[in-house]
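**Student:**
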Amino acid sequence: MEFSIAYPPELPVSRMRDEIADAIRDNQVVIVAGATGSGKTTQLPKICLELGRESIGHTQPRRLAARTISERIAEELGGEVGQLVGYQVRFTDKVSADTRIKLMTDGILLNELQRDRLLKKYDTIIIDEAHERSLNIDFLLGYLKQLLPRRPDLKLIITSATIDPQSFSRHFGDAPIVEVSGRTYPVEIRYRPLVAEAAVAGEDDDLADAPLERPADDRDFLEGINAALDELAAESSGDVLVFLSGENEIRDAEDAIRSRNLPHTEVLPLYGRLSSADQHRVFQPSTQAGVRRRIVLATNVAETSLTVPGIKYVIDAGTARISRYSVRSKVQRLPIEAISQASANQRSGRSGRTSDGIAIRLYSEEDFARRPEFTEPEILRTNLAAVILQMVSLGLGDIAAFPFLQPPDSRGIKDGVDLLTELGAVVRSPDGSPTLTKVGRDLSRLPIDPRFARMVVESRKHGVSREVMIMVAGLTIQDVRERPLEKRPQADQQHARFVDPSSDFITLLNLWNHLEEKEAELSSSAFRRMCKAEFLNYVRVREWKDVFRQLRQLARPLDLQMNEPKADPDGIHKSLLAGLLSHIGLKDAQKKDYVGARQSRFVVFPGSALAKKQPDAIMSAELVETSRLFARTNAAIDPAWAEPIAGGLVKRTHSEPHWEKKQGATVAWERVTLYGVPIVLKRRVQFSRIDPAYARELFIRHALVEGDWESQQAFDRANRKLREELAEVEERTRRRDILNDDEAVFEFYDKRIPRDVASTRAFEGWWKKQRQETPDLLTMTAEELLAEDAVDVDEGAFPPTWQQGDQRLSLTYRFEPGAPDDGVTVQVPLALLARLSPAGFDWQVPGMRRDLVTAMIKALPKALRKNVVPAADWADRLLEGLPEPDPQHPVAFTTTIAGLIMRKAHVRVADDDFDLDRIPAHLRMAFRVVDERGREVAAGRDLTELQARLSSRARDSVARATARPVE
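Under the working numbering, residues 339 to 1305 are what the sequence shown spells out, in order.
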């Protein structure tokens, strides 16, 4: 391809091209330090071309710079972009087989390492604007330091403004530095501080968010800019470059300046996300008639990356939005900070390119002197996840040992690895270093933020890849929706058609579908007009579509299927959530904000569809701290969705383990949290997988010992019957030392049941096989249930029935002091109630008579009682002469005992000498009257009173009994 090389004589680089060429020829690494406007960016590739270098890779920190510089170099070489000179940015590729100079963002070169680790397609690499020390630049410089010994033919040229070029030289073994003077005319620095010195904000203050109280002579930045413009109006003609901190400040300044209607003046904004057409206006002669001065309002994109022609004056507000990642809170902050001295000098250097210049700084000289010398490298103030992912995928070894120009601290490295762990991209190997997972390998193939890449990978599982890639593409560019200040109501009305009240992500999808439909219906020009009428930025719409197309191509190796529209919204949000696990928030109704990961607090950004009607739980694509922590682009979610995605990241706590008969198992309440956010509040879980030993213990105690289970096992019925019989003996004898306690029963089962049996289901599965071999393994014997010191019990002393006349009545026993039926209770059918006589029941059962006689002695008056003490001994003597009761003609027990005392103690005792109220209740018979169905009618210890109270019911019962036909 024919081309001619010429060097603009006014550029300092042109005058030094021979010295630069010699340095490049004789050294593998050369540092070219040139002040702003020296021409190093546009002329160095031409010098390399003239040296015979065949393939020159030229990196830029920003997409805008890569495109505009490629256009400038192509123009100087007499060609078109895409021929000899091309460029490639994130999703735009203007490179052909004829291209020998390729401009690209440093991120593009970084991604090429995945496919070309030795960078064989290049014989020359130019890392431009290295002084900016972006994360990508620092990583590339570290990688190239390792690569150069393996590629002795590769030339590396590092360009830097005159900001500490020695650090680059030292990094590459004292590589030569060629310094190029760029400022050919002097620049006068004027200090015009906005605020009184006492109120100057420090480096760490967020100037936008903590307004200071203004003394009478203080001004805001808009007043300061207008005052500076008035001051410069008295100077000779020339364009003005105003440095501001961000897009919002630029818009405010644009409005303030335009409202003054300055004659013969054109106001132009310049920032990274401005449309291409608007950016081009800055670099082209004005098309407005009569314009004598242009005022360019720019962010720090014009500080070093782009040279704006015709600038004679600079107004520097002295601030910039500096992206800072908080390792503590895990969020990206965008505070407005005071710029460094180096940045301030770079800004001032933009004036005086063609003649003497003036730079007005809207801060004091003392303030300037206090500022740091250099801007802190990005590697020290951002999350390192993306770079670490690339390093791990490239197998670059120990991250801490990587030759970074300025190594990040261990906290920063750990934080980046933690994020990759959250995304499932890496796992810790035994030595603690991160190892790439399958998900991580997939993520490393996508040149986008790892969080977004994780969403795309997860979409494969839910069959929503089309929708997720549309959303991810939309999130990686500036919002296509525009809200001009003067037409915000109309814009909001147009955009409201697409809003999904529960998801900003679905809102994006709705907008995309609308654009797809209209683009298919309309001609290209009509579609462009429609975008303008609906306040949609046409250039950004095209970029959105390009990004989606490129993303879809890049994702092809991941085997993602492009599903049809109408995908499941839950599947979409679950896919997005895979990249946003630490961006979940639960609503705090009292404080009207959200509690997020690690107890962070944030509010929904006012522009979100969820700002007015806020759901209980949300996920956010971005958490950014300005005046406070804002959640941008949100969706309502079920926080429980995060559990299967997060895997081992969740923490589980369990409470109240307890036996549940219906479940046939020990269960507990589980609470699941993710980074401190409760994603499952209370869920019943099987406790056997948490604490198998304790779950088994509760199973044995509740199911087998206490019988609280649904079982039809023969051994269980037999054991329960045996235990009931032995328990009945204890009730009759009023003793608790016959039957072993429940602990002995537990031990019986504990010794015989395997350790892995902890539920009804597991037990029945085991026992079904085991009983074939040992059917009696779990059947208890009386010997196993009786206490070691248990004595034999005379069951005749505690008979099961009571005989009165020809009636035999059932007896029940209860040993429960204080209970109404403590002692012996006679079961009396209602029909027999009237036929019974109280006489005889006072004799009690034989086993209770010794205690009864003892109590009766104690119930005598003292004058009588003193003759028969000790009472227990006399009870034994009296019982020796006690006759058997006559069930047909019972004699009152008091009469019998009084007679025995008379015979043995020679003391006259009458029946009414016994104070029966002093005899314990359990020694007096209780009566329980039951109807024909065995249901209790009444109960008490006074048979006569029961007979009186139930006389009519008893007669009715008798009548029914006699009227019943004989079968």
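Glycine included, each C-beta is placed from N, C-alpha and C at the ideal position.
Measuring CB to CB, does Pro953 end up less than 7 Å from Ala974?
**Tutor:** Yes. Within cutoff.
**Student:** Which ranges would you report for the alpha helix (DSSP H) in the segment 452 to 493 if only whole runs of at least 4 residues count?
**Tutor:** Runs of the alpha helix (DSSP H) inside the segment 452 to 493: 473 to 485.
**Student:** Does DSSP classify Met1186 as helix, strand or coil?
**Tutor:** Helix at Met1186.
**Student:** Tell me which residues share the same chain as Gly1308 and place their Cβ nearer than 6 Å to its Cβ, disregarding the 5 neighbours each side in the sequence.
**Tutor:** The chain is shown from 339 up to 1305; residue 1308 falls before or after that span and cannot be answered.
**Student:** Between Phe1086 and Val1164, which are expected to be in contact by the criterion C-beta below 8 Å, what is the C-beta distance as a whole number of angstroms?
**Tutor:** Not quite, the Cβ-Cβ distance comes to about 36 Å (not below 8 Å), so this is no contact.
**Student:** Helix, strand or coil for Leu1288, going by three-state DSSP, please let me know.
**Tutor:** Three-state result, Leu1288: coil.
**Student:** Hey, which unbroken runs of the alpha helix (DSSP H) at 4 residues or more fall wholly within the segment 968 to 1001?
**Tutor:** With a minimum length of 4 residues, the continuous alpha helix (DSSP H) runs that stay inside the segment 968 to 1001 are 980 to 984.
**Student:** Using a threshold of 7 Å, state whether the C-beta atoms of Arg471 and Ser583 are closer than that.
**Tutor:** No, these two residues do not count as a Cβ contact at 7 Å.
**Student:** Would Ala1306 and Met354 be called neighbours here (beta carbons separated by less than 7 Å)?
**Tutor:** Here the chain covers residues 339 to 1305 and nothing more, so residue 1306 does not appear.
**Student:** Is the Cβ-Cβ distance between Ala1177 and Pro1137 less than 7 Å?
**Tutor:** In this structure, Pro1137 does not lie closer than 7 Å to Ala1177 by Cβ.
**Student:** Across which residues does DSSP place Gly1178 in a beta bridge pair?
**Tutor:** DSSP, once it has assigned bridges, lists no residue as partnering Gly1178.
**Student:** I need the DSSP call for Ile1239, collapsed to helix, strand or coil.
**Tutor:** Ile1239: helix per DSSP, three-state reduction.
**Student:** If distances are taken between C-alpha atoms only, which option among Ser1026, Asp1079 and Leu600 comes closest to Glu1044?
**Tutor:** Answer by Cα proximity: Asp1079.
**Student:** Determine whether the beta carbon atoms of Arg632 and Asp577 lie at a separation below 7 Å.
**Tutor:** Yes, these two residues count as a Cβ contact at 7 Å.
**Student:** For the pair the segment 357 to 368 and the segment 483 to 499, tell me if three or more CB-CB distances fall below 8 Å.
**Tutor:** Judged by Cβ distances under 8 Å, the segment 357 to 368 makes contact with the segment 483 to 499, as three or more pairs qualify.
**Student:** My output table needs one value for Met442: the three-state DSSP class, helix, strand or coil.
**Tutor:** Here Met442 sits in strand by DSSP.
**Student:** For a quick check, are the C-beta atoms of Phe836 and Asn848 less than 7 Å apart?
**Tutor:** Result yes, Cβ atoms of Phe836 and Asn848 sit closer than 7 Å.
**Student:** Mind the definition here: the segment 1093 to 1107 touches the segment 1141 to 1151 only if three or more C-beta pairs lie below 8 Å; say whether that holds.
**Tutor:** Contact between the segment 1093 to 1107 and the segment 1141 to 1151 is absent, because fewer than three Cβ pairs lie under 8 Å.
**Student:** Hey, which unbroken runs of the alpha helix (DSSP H) at 4 residues or more fall wholly within the segment 758 to 846?
**Tutor:** Runs of the alpha helix (DSSP H) inside the segment 758 to 846: 776 to 782, 788 to 800, 803 to 813 and 826 to 833.
**Student:** Assuming His396 is part of the beta strand (DSSP E), what are its boundary residues?
**Tutor:** It spans Ile394 to Gln398 - the beta strand (DSSP E) in which His396 sits, taken as one unbroken run.
**Student:** Identify, in the order they occur along the chain, each residue of the same chain with its Cβ nearer than 6 Å to the Cβ of Asp555, setting aside the five sequence neighbours on each side.
**Tutor:** Reliability of the predicted coordinates at Asp555 is poor, the pLDDT of 47 falling under 50, and the value obtained from them is presented with this limitation in mind. The answer is none, since no qualifying residue turns up.
**Student:** By alpha-carbon positions, which one of Glu1133, Pro1092 and Ala1135 ends up nearest to Asp1116?
**Tutor:** The identity of residue 1116 in the sequence shown is Leu, whereas the question assumes Asp. When each option's Cα is compared against that of Leu1116, the closest is Pro1092.
**Student:** Would a C-beta distance cut-off of 7 Å place Arg671 and Tyr529 closer than the cut-off?
**Tutor:** For Arg671 and Tyr529, no; Cβs fall outside 7 Å.
**Student:** Just reading off the beta strand (DSSP E) that Gln928 is part of, what are its end residues?
**Tutor:** Segment: none, Gln928 is in no beta strand (DSSP E) and carries neither H nor E.
**Student:** Just how far apart, CA to CA, sit Pro607 and Asp654?
**Tutor:** One C-alpha to the other measures close to 15 Å.
**Student:** Are the CB atoms of Leu727 and Pro788 within a distance shorter than 7 Å?
**Tutor:** Closer than 7 Å, so yes.
**Student:** Residues in the same chain with beta-carbon distance under 7 Å from Val795, minus the five sequence neighbours each way, listed in chain order, please.
**Tutor:** Val777, Asp780, Leu781 and Leu896.
**Student:** Would you kindly work out how many angstroms separate the C-alpha atoms of Leu389 and Ile358, rounded to a whole number?
**Tutor:** Taking the straight line from one Cα to the other gives about 11 Å.
**Student:** By Cβ distance, which residues of its chain are closer than 7 Å to Leu853, with the 5 residues on each side in sequence left out?
**Tutor:** Same-chain partners within the cutoff: Val879.
**Student:** According to the neighbour-count rule (16 or more other Cβ atoms, all chains shown, within 10 Å of its Cβ), is Ser1026 buried or exposed?
**Tutor:** Buried, by the Cβ-count rule.
**Student:** Please state the DSSP three-state secondary structure of Leu1149.
**Tutor:** Strand, per DSSP.
**Student:** Is the distance from the Cβ of Arg1034 to the Cβ of Phe1084 below 7 Å?
**Tutor:** Contact: no.
**Student:** For Val1247, does the count of other Cβ atoms within 10 angstroms reach 16, so buried, or fall short, so exposed?
**Tutor:** Classification for Val1247: buried.
**Student:** Between which residues of its own chain and Ala536 is the CB-CB distance below 7 Å, once the five residues before and five after are set aside?
**Tutor:** Annotation note: pLDDT 39 at Ala536 (below 50); position unreliable, no value reported.
**Student:** Flag this pair as yes or no: are the beta carbons of Asp1046 and Lys999 separated by less than 7 Å?
**Tutor:** Going by C-beta atoms, Asp1046 is nearer than 7 Å to Lys999.
**Student:** Would the beta-carbon of Arg783 fall within 7 Å of that of Leu761?
**Tutor:** Going by C-beta atoms, Arg783 is not nearer than 7 Å to Leu761.
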